[in-house]
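Have a look at the structure below before the remarks.
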Amino acid sequence: MKNTILGSIYLALASSIWGGMYVVVKIVVSVIPPLELVWIRYLVAIVALLIIGLITRQKWRIDKRHFLIIIAIGVIGNAISIVTQETGTMLSSAQMGAIITSSTPAFMVIFARLLLKERLTLKKVLSVCLATIGVFLIVGVGHVNLSSKLGGISLLIAALTWALMSVLVKRVPSDYSQIVVTTYSILVALIVLTPLVLPRLHAINISQLTHPTIWGGVLYLGIVSTAGGFLLWNRGLQMLNASSGGLFFFFQPVVGTLLGWLILGENIGVTFWIGSILILTGVLFVIIEKK
Numbered sequence: 001m002k003n004t005i006l007g008s009i010y011l012a013l014a015s016s017i018w019g020g021m022y023v024v025v026k027i028v029v030s031v032i033p034p035l036e037l038v039w040i041r042y043l044v045a046i047v048a049l050l051i052i053g054l055i056t057r058q059k060w061r062i063d064k065r066h067f068l069i070i071i072a073i074g075v076i077g078n079a080i081s082i083v084t085q086e087t088g089t090m091l092s093s094a095q096m097g098a099i100i101t102s103s104t105p106a107f108m109v110i111f112a113r114l115l116l117k118e119r120l121t122l123k124k125v126l127s128v129c130l131a132t133i134g135v136f137l138i139v140g141v142g143h144v145n146l147s148s149k150l151g152g153i154s155l156l157i158a159a160l161t162w163a164l165m166s167v168l169v170k171r172v173p174s175d176y177s178q179i180v181v182t183t184y185s186i187l188v189a190l191i192v193l194t195p196l197v198l199p200r201l202h203a204i205n206i207s208q209l210t211h212p213t214i215w216g217g218v219l220y221l222g223i224v225s226t227a228g229g230f231l232l233w234n235r236g237l238q239m240l241n242a243s244s245g246g247l248f249f250f251f252q253p254v255v256g257t258l259l260g261w262l263i264l265g266e267n268i269g270v271t272f273w274i275g276s277i278l279i280l281t282g283v284l285f286v287i288i289e290k291k
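Position 181 of the sequence shown, counted from 1, bears residue number 181 in full-length UniProt numbering, the numbering being contiguous throughout.
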């Protein structure tokens, strides 16, 4: 039970950090295109993770038989998923982004069943259903801009690949440090993205990068959202089963909507609070479920 509560806290924190990320990406992506932005935030994250790793004296050795899993995590989750997520955020409405991204936990339940042979309980299915209804109430299906089809497809790919990556994390032995696993997976993504990004870097307006909002946003995305968020998410997944852990992904739209209300002055109605209660009820089912 202690591991369940601690894992739940880690996953809720990671998802809440990513909830605030949508506002930052919307601002920064107006200056730095999605592919280049992912590459720059990974550069920042690698530096942050290496400093943390050196200070905490991590053991960097990984057994050869686990290389392929870490490479898969880096390519599928850190490269494909994040690039398609930021592209989708740029092309589509925030409402569409929240709805499509909320499909991630359902995909995680499916992948966990197929790859990890996790038992599909009625409580897990009910948790996903409650949280999904909650997200739809918060976002408001009627406001979705259906013209943003390309953004929607991109976000669907992001949801699928993130779910697959989150299940693959469970295949990495828990005795490896999450700092080491996260650093290597981000390094893989950086290597994959570098040949695509380098020819395009010259197109970025350097003068705009000196604006505090932009470089502050890049630092947030690199240190807090990438290094911190990935560490918390991966560690939390090691403490819970994959299908249950996915439920905490629903904190993203809740936090995103709350921040829009607090910072941007956006209106939220009674459906937001009803939706939030449904999401928290779904998550509570996961916390109290006996392992």
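Quick reminder that beta carbons are idealized off the backbone N, C-alpha and C, glycines included.
Backbone CA spacing between residue i and residue j [nearest angstrom]
i	j	result
V254	Y220	19 Å
I263	N205	27 Å
S30	V197	17 Å
A158	G20	17 Å
R57	G77	26 Å
S225	S15	9 Å
I5	P199	46 Å
S244	N3	13 Å
W273	W261	13 Å
P173	V270	44 Å
A106	V24	26 Å
E36	V125	38 Å
P34	A189	14 Å
P26	T132	Just to set this straight, residue 26 is Lys in the shown sequence, not Pro. Roughly 24 Å between the two C-alpha positions.
I55	G256	33 Å
R113	A12	23 Å
L122	D175	31 Å
G216	L130	36 Å
V169	F230	11 Å
Among the options, the one whose alpha carbon lies nearest that of residue i
i	options	result
G246	W215, G282, I274 and L262	G282
residue 293	L280, L278, P195 and L258	The displayed coordinates of the chain run from 1 to 291. Any statement about residue 293 would go beyond what the structure contains.
N234	T104, L156 and R171	R171
T194	T226, A79 and A163	A79
L201	W39, G7, I5 and K2	W39
L43	W261, L232 and V192	V192
M108	V224, T56 and V128	V128
T161	P34, I82, L122 and L190	I82
I153	L190, T183, V188 and M90	M90
R61	F230, S244, I179 and L190	I179
Q252	K124, G134 and L126	G134
A45	G7, K26, L13 and L187	L187
A203	A12, K26 and I32	I32
Y184	E36, I55, T132 and H66	H66
T182	L130, G236, K123 and R113	G236
Test item: CB-CB of residue i and residue j under 8 Å
i	j	result
K59	S177	yes
G228	I17	yes
L155	Q238	no
V28	I214	yes
L150	G275	no
L164	F111	yes
L278	Y10	no
T87	F249	no
R41	V218	yes
G7	L280	no
Min CB distance residue i to chain C below 8 Å
i	result
Q238	The structure shown contains no chain C, having only a single protein chain.
(request) Give a yes or no on contact between the region 102-122 and the region 40-59, applying the rule of three or more CB pairs nearer than 8 Å. (result) Using a C-beta cut-off of 8 Å, the region 102-122 makes no contact with the region 40-59, since fewer than three inter-stretch Cβ pairs fall below that distance.
(request) Would you check if there are 3 or more beta carbon pairs closer than 8 Å linking the region 210-217 to the region 72-82? (result) The answer is no - the region 72-82 does not touch the region 210-217, with fewer than three Cβ pairs under 8 Å.
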